[in-house]
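Let me begin by presenting the structure, written as structure tokens, before commenting on it.
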Amino acid sequence: MTVRRIVPNHQVDSDEQLATSRDFYGLLGFEEVMHMGWVTTLASPVNPTAQISFFTEERTAPVVSDLSVEVEDVDAVYAQVVASGAEVVRELRDEEWGVRRFFVRDPNGRVVNVLTHLSAGRGSVRDDVRDQP
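Take the position in the sequence shown, starting the count at 1, then add 1403; the result is the number in this note's numbering.
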């Protein structure tokens, strides 16, 4: 099983806090690579898999996840998680912005967004959309 990246997710209360967070992390060298209104992702221009995301809300799930884990084969990971008896917070599904994902609660109560980026063939990753949650 291949993990492609891990992104911490932070919930903010307003667009103003989102902008303030973006500006602060810009001081550390991060640049905005994705902005969908309700979620913004920042990445290192030198190491684009070093990312952090800020959410004002979660549009298609019941909660904002604590972190995102991009994997090579989300369907295989989902099957293992379900077989383990872990709590699935949100079922596996494709999103309109090109990811297939599900949410699971870890043993410490943290919610993890597990995803794969889609292209024409399910499960394949497109380099140009790795910046999306």
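Glycine is no exception: its CB is placed at the ideal position from the N, C-alpha and C atoms. If you're wondering where the values come from, they're calculated on a predicted model, not measured in any experiment.
Within this structure, are the beta carbons of V1442 and S1424 separated by less than 8 angstroms?
Counting from one through the sequence shown, the residue named residue 1442 turns up at place 39. Counting from one through the sequence shown, the residue named residue 1424 turns up at place 21. No. Outside cutoff.
Taking only the alpha-carbon atoms, compute the straight-line gap between F1505 and Y1481 and give it to the nearest angstrom.
By 1-based counting over the sequence shown, the position of residue 1505 is 102. By 1-based counting over the sequence shown, the position of residue 1481 is 78. Approximately 7 angstroms between the Cα atoms of the pair.
Taking only three categories from DSSP, how would you classify V1484?
Residue mapping note: residue 1484 aligns to position 81 of the sequence shown, counting from 1. Three-state result, V1484: helix.
Boundaries (first-last residue) of the beta strand (DSSP E) holding F1458
Here residue 1458 refers to the residue found at position 55 when the sequence shown is read from its first residue. Counting along the chain, the beta strand (DSSP E) containing F1458 begins and ends at Q1454 to F1458.
What residue does the beta strand (DSSP E) around E1419 start on, and which one ends it?
Stepping through the sequence shown from its first residue, residue 1419 is reached at position 16. Per DSSP, E1419 belongs to no beta strand (DSSP E); it is in the alpha helix (DSSP H), D1418 to L1430.
Taking all protein chains shown into account, do 16 or more other C-beta atoms lie within 10 angstroms of the C-beta of L1430, making it buried, or fewer, making it exposed?
Position 27 of the sequence shown, counting from 1, holds the residue named residue 1430. Exposed, by the Cβ-count rule.
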